[in-house]
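So the protein sequences, as listed, match chains A and B.
Using this note's numbering, count along the first sequence one by one with no gaps and you end on 205.
Using this note's numbering, count along the second sequence one by one with no gaps and you end on 694.
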Amino acid sequence: MLGVSTVSGDKFIDYHSPSRQLHSGVWNPRDIQNYWESYARGRKYLTFLSTPAVNPESYEVYRGGWPDKKDPFTQTDLLANEEEQVQELILEIRTSPSICHGEILATRLVTLFYDAKEEDFANLGIVVGSLRNFYNFFQLHTDLKCPTISLTPDNNIYASWRGDQKKVFSVLFLPNGDTRFVIFKPNDLHPERQIRISGTMTTDMLKAEVAPHGVWDWISE
Amino acid sequence: MKGDTIPNQHHVARLCDNKHIDGGFIQATAFMLRSVDENLSVNWLEFLNCSCRESEIDELRNTFSRKLKLGAKAKIAVLTVGEVREKVLTESPDRRNLKVLHDPQYGTVNDPSHSGIYNLNHDDELIAELILETVQETYPARK
């Protein structure tokens, strides 16, 4: 553990060592397959977006397909390859028997993919390394409650669990296998105060790192 | 004027994209920097000189719609400058002193109320969570 900083009362510890709703119009495996088949043929998003209306307003954005580029084949194929990995991982999350709430998580990730694409259709949607890290975390821990999920401005996955007494546990899944986490929890000796902890940890060690703070008691079921 | 400090009792608004909203609620990611950002973009509401909050928000919606493609779920979060600064100063591990400065943008689309929250870093998830706790009001970004 490196660089621990602590403030008592409102307490900080800074480590630097290596009910969710189901959206209507979910992306089911057949939709995904349809999209990728269509994508490979035409390199257009039109069919993708003709699948259920996760983001109906996105039609306008994608209808024109890819923009002209100096080397469209290479760039498009690179993007396609990464997007294929994103698609495969989301499908894994949806179908893996060991991932708790896989269907809900996958549906949310698809929505976020559309959201990021809507913002800039030339980007990857979700950073594949971050998604893989998220997938590994949920494969490793099969008892987790369903978090809220959003994307950082750079399209990495950020998951948050919130409990009573303003408890927060948030995890940013970085593409390199690390996580950055934030914990807010009540100070048991001083109920008017809050303990705030943040740090960086490899995904496989995150539970061991945060468990002493009681996080697993309320983010697992 | 560019670089002016926005008074603590004034308000700023932050546009929160679709990907920062889950279940209708703004998430802390709305207050994180992109890797290319040096400050967090906000708009100074009092600078707009409108008669009420709704008018200020309408004015911002017009500006945003000219500059950006607004997602259906995007929201505008309203923050009081002094509350954000105080919260972060007293509750962040390094007692971060945020600056909220006027940074008007003129170009294809003029954005005279554009401002920035300065002294944020790219790994400030804890501060993003603190800022989230100071959100006072939210409005749909689309009319």
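Idealized CB from N, CA, C, for every residue including glycine.
As the structure is a prediction and not an experimental result, all values here were calculated from the model.
Please check if any C-beta of chain B sits within less than 8 angstroms of the C-beta of E66 (chain A). Position 82 of the first sequence, counted from the first residue, corresponds to residue 66 (chain A). No, its Cβ sits nowhere closer than 8 angstroms to a Cβ of chain B.
Against chain B, which members of the segment 97 to 109 of chain A pass a CB distance test of less than 7 angstroms? Listed in chain order, the positions of the segment 97 to 109 of chain A with a beta carbon within less than 7 angstroms of a beta carbon of chain B are D99, A100, E102, E103.
Name the chain B residues that come within less than 7 angstroms of D138 (chain A), Cβ to Cβ? Position 154 of the first sequence, counted from the start, is the residue given in the question as residue 138 (chain A). Those within 7 angstroms of D138 (chain A) in chain B are R585, S586.
Quick one: what's P691 (chain B) bridged to in DSSP? Indexing the second sequence from 1 puts residue 691 (chain B) at position 140. DSSP, once it has assigned bridges, lists B:K626 as partnering P691 (chain B).
When you compare each of A:M189, A:I110, A:S80 to Q69 (chain A) by their alpha carbons, which one comes out closest? Taking the first residue of the first sequence as 1, we reach residue 69 (chain A) at position 85. Nearest C-alpha to Q69 (chain A): A:I110.
Excluding the five sequence neighbours on either side, which residues of its own chain have a C-beta within less than 8 angstroms of the C-beta of E205 (chain A), listed in chain order? Counting from 1 along the first sequence, the entry for residue 205 (chain A) is found at position 221. C84, D127, L128, K129.
Three-state secondary structure (DSSP) at R604 (chain B)? Within the second sequence, residue 604 (chain B) is the residue found at index 53, counting from 1. Reduced to three states, the DSSP call for R604 (chain B) is helix.
CA-to-CA distance, A100 (chain A) to N139 (chain A), given in whole angstroms: Here residue 139 (chain A) refers to the residue found at position 155 of the first sequence. Here residue 100 (chain A) refers to the residue found at position 116 of the first sequence. Going from the Cα of N139 (chain A) to the Cα of A100 (chain A) covers about 7 angstroms.
So with Cβ pairs under 8 angstroms, would you call K707 (chain B) a contact of chain A? Not covered by the structure: residue 707 (chain B). The range shown for chain B is 552 to 694.
Taking the beta strand (DSSP E) that Y142 (chain A) falls in, what are its first and last residues? Counted from its first residue, the first sequence places residue 142 (chain A) at position 158. 141 to 147 is the extent of the beta strand (DSSP E) around Y142 (chain A).
Give the single residue among A:G183, A:Q149, A:I133 whose Cα lies nearest to the Cα of H174 (chain A). Position 190 of the first sequence, counting from 1, holds the residue named residue 174 (chain A). Out of A:G183, A:Q149, A:I133, A:Q149 has the C-alpha closest to the C-alpha of H174 (chain A).
Looking at the ligand SAM, does it come within less than 7 angstroms of M583 (chain B), judged from the CB to the closest heavy atom? Absence of the ligand SAM is noted for the structure shown, with no ligands found whatsoever.
Tell me the rounded alpha-carbon separation between T556 (chain B) and Y669 (chain B). For the purposes of this step, residue 556 (chain B) is identified with residue 5 of the second sequence, where counting begins at 1. For the purposes of this step, residue 669 (chain B) is identified with residue 118 of the second sequence, where counting begins at 1. In a straight line, the C-alpha of T556 (chain B) is about 11 angstroms away from that of Y669 (chain B).
Compile a chain-ordered list of the residues in the segment 569 to 580 of chain B whose CB is closer than 8 angstroms to at least one CB of chain A. N569, K570, H571, I572, D573, G574, F576, Q578, A579, T580
Determine the extent of the alpha helix (DSSP H) in which D162 (chain A) is found, giving its start and end residues. Here residue 162 (chain A) corresponds to residue number 178 of the first sequence, with the count starting at 1. First-last for D162 (chain A): 162 to 170, but that is the beta strand (DSSP E), not the alpha helix (DSSP H).
Do T187 (chain A) and T163 (chain A) have their beta-carbon atoms positioned less than 8 angstroms apart in this structure? Taking the first residue of the first sequence as position 1, residue 163 (chain A) is located at position 179. Taking the first residue of the first sequence as position 1, residue 187 (chain A) is located at position 203. With contacts defined as CB atoms closer than 8 angstroms, T163 (chain A) and T187 (chain A) qualify as a contacting pair.
For K570 (chain B), which of helix, strand or coil comes out of DSSP? Locating residue 570 (chain B) in the second sequence gives position 19, where the first residue counts as 1. Helix at K570 (chain B).
Please report the straight-line C-alpha distance between F165 (chain A) and R565 (chain B), rounded to a whole angstrom. Within the first sequence, residue 165 (chain A) is the residue found at index 181, counting from 1. Within the second sequence, residue 565 (chain B) is the residue found at index 14, counting from 1. Roughly 24 angstroms separates the two Cα atoms.
Please classify S154 (chain A) as buried or exposed, where buried requires at least 16 neighbouring CB atoms within 10 angstroms. Residue 154 (chain A) sits at position 170 when you count from the first residue of the first sequence. It counts as buried.
Short CB-CB distance (under 8 angstroms) between T163 (chain A) and chain B: As a first step, residue 163 (chain A) is located in the first sequence; it is residue number 179 there, counting from the start. Output row for T163 (chain A): interface = no.
Check each residue of the segment 589 to 616 of chain B: if its Cβ is closer than 7 angstroms to any Cβ of chain A, include it; give the result in chain order. none
Could you tell me which chain B residues have their CB closer than 9 angstroms to the CB of I179 (chain A), listed as they occur along the chain? Along the first sequence, one-based indexing puts residue 179 (chain A) at 195. The premise fails here: I179 (chain A) is roughly 11 angstroms from chain B at the closest Cβ pair, so nothing lies under 9 angstroms.
Are the beta-carbon atoms belonging to E680 (chain B) and L156 (chain A) less than 8 angstroms from one another? On the second sequence, position 129 is the one that residue 680 (chain B) refers to. On the first sequence, position 172 is the one that residue 156 (chain A) refers to. Taking 8 angstroms as the Cβ cut-off, E680 (chain B) and L156 (chain A) do not qualify as a contacting pair.
Segment contact, 8 angstroms Cβ cut-off, at least three pairs: the segment 191 to 203 of chain A with the segment 627 to 645 of chain B: no
For the alpha helix (DSSP H) containing G183 (chain A), name the first residue and the last one. Residue mapping note: residue 183 (chain A) aligns to position 199 of the first sequence, counting from 1. G183 (chain A) -> not in any alpha helix (DSSP H); beta strand (DSSP E) instead, spanning 178 to 186.
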